[in-house]
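One gets our numbering by counting positions in the sequence shown from 1 and adding 11 to each. C-beta: ideal position from N, C-alpha, C; glycine also.
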Amino acid sequence: ETAGIMFTKISAFGALILFYSCYLARVNCQNKCLGVHNYCPGGYKMQSKCVDGSCVCNSQDYDYHSCLPDTKGCKISVDAATSLGKPQYNNQPQQPTYSCTPDSSSSSQYEVHVLSVYEVINRRPPTAGDATVNIVSGGRSDRPLVLVLANYEPVNWILQIPSNITISRVILVAYYVDKSSISGDVNQVLAIERKSYSDSWPRGIGSDSGGGDTVGLLKKIYERFGVVTSFTGTYRADKWSLNLSSQSHDKKTKSSCHEVVEKLSKRIELLSEELKNHKMKIISLKEKRDESFTPQFSSGEPIHKIHRNLASIFVIIVLTAHIHLVM
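This is the structure in structure tokens:
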């Protein structure tokens, strides 16, 4: 039993060394089985196993072939051109970079961006390294903006936010949360939260093979805010650029509203024409009516039906006016 525990610890340590060596070599050896025993990291959580020299994962929260997280609308990929976050270290782009950018149609009522890093610098005792986050936006968002910053080693996140952007909430998720901080343009942030593993907030950089819990982080965010707008993670970075998706979402929202208004306008035109015809009937009947009261027009259409049509026109006019005020 002791030998089995020793083997597990050695294998896990070997997986971490393998992950770090892949990082240094700028290659993705995510799927390679490890050593003569064909060890695959994440055996319990990811349900990984070695098949023909490559690791595959059977967990529903991970992609079978890549073993990267695929949960709550976020399917992680490596070095994707669509990544909204761009990490650098010593002014050099970082690879591998793990990211997801879910389709805008699946996004929630919040605009949530996640930036995750293992470290800026590794010092003992643990000391914070500076990481600058430059926010880039093409327009103001119609949704509350939430920024999640996650790290293992201590990090001082320095925010650079355009003057026309207000971030509703920044959530700092860190292992050494007491030694991590947020500074910079914090006057443009309405609320700051600090979370750690003791608060049941896990962290991960996008690949869980060498440790971390990206799936747990994505699930925790989903519980509060829904599907993330973007996730970007890497092992080491001291500078980030984050492009907000606000502009495209605004255009899509406004386009949909205009389509609704156009449909309502056409409906109003038809009902207005119908109202005009009813008025003509009423005038004609007034001229022809005799002393006896008839509950029905000569056309055979009951009065209550005309009243119902008039009420429908009134409701649609009110709705259209309300939509124009909102826009």
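Alpha carbons only, please: which of the options is nearest the one belonging to residue i?
i    : options                   : result
V188 : N198, D210, T177 and S179 : D210
T177 : G223, F242 and S148       : S148
S191 : I132, V157, L229 and S179 : I132
Q106 : Y121, S88, E122 and P113  : S88
R135 : L156, S119 and E164       : E164
C111 : C85, N49 and L126         : C85
S340 : D74, L79 and Q120         : The displayed coordinates of the chain run from 12 to 338. Any statement about residue 340 would go beyond what the structure contains.
P104 : A248, I294, P113 and G54  : A248
G217 : T82, N102 and V238        : T82
Y186 : Q58, T245, N162 and G53   : N162
L126 : P113, P137 and V144       : V144
N254 : C68, T93 and I193         : T93
S256 : G96, Q58, K250 and V181   : G96
G140 : F242, W168 and L296       : W168
Quick check on the DSSP output: the alpha helix (DSSP H) that includes residue i runs from which residue to which?
i    : result
R235 : T225 to F236
Which residues bound the beta strand (DSSP E) around residue i?
i    : result
D247 : According to the sequence as given, residue 247 is Arg; it is not Asp. Unbroken beta strand (DSSP E) run through R247: S241 to R247.
V47  : No beta strand (DSSP E) holds V47; DSSP gives it neither H nor E.
K60  : S59 to V62
S65  : S65 to C68
R180 : R180 to A185
Y109 : Y109 to C111
N162 : L156 to N162
Give the DSSP-derived three-state secondary structure of residue i in the structure shown.
i    : result
K190 : helix
S94  : coil
Q99  : strand
L286 : helix
L201 : coil
S22  : The predicted position of S22 is uncertain, since its pLDDT is 45 and thus under 50; a value taken from the coordinates is nonetheless stated next. The answer is helix: DSSP assigns S22 an H, G or I state.
D81  : strand
S88  : strand
S252 : strand
S209 : helix
I293 : helix
I169 : strand
D219 : coil
Could you tell me the distance, in whole angstroms, from the CA atom of residue i to the CA atom of residue j?
i    : j    : result
S77  : S65  : 10 Å
V47  : C61  : 11 Å
V166 : E130 : 7 Å
K56  : L201 : 36 Å
Y233 : L286 : 50 Å
K206 : W212 : 6 Å
I172 : S252 : 11 Å
D224 : I279 : 55 Å
L156 : T240 : 10 Å
Q120 : F236 : 8 Å
N208 : Y73  : The sequence shown places Tyr at residue 208, not Asn. Rounded to the nearest angstrom, the two C-alpha atoms are 21 Å apart.
V184 : Y50  : 30 Å
R154 : V238 : 13 Å
G54  : D196 : 42 Å
K230 : C44  : 28 Å
D63  : R214 : 31 Å
T243 : N102 : 17 Å
Y246 : I182 : 19 Å
Y75  : V226 : 14 Å
Any heavy atom of the ligand NAD within a distance shorter than 7 Å of the CB on residue i?
i    : result
R135 : With respect to the ligand NAD, the structure shown offers nothing to examine, as it has no ligands at all.
Item to check | Every unbroken alpha helix (DSSP H) within the stretch 118-151, with a cutoff of 4 residues, ordered by chain | outcome: none
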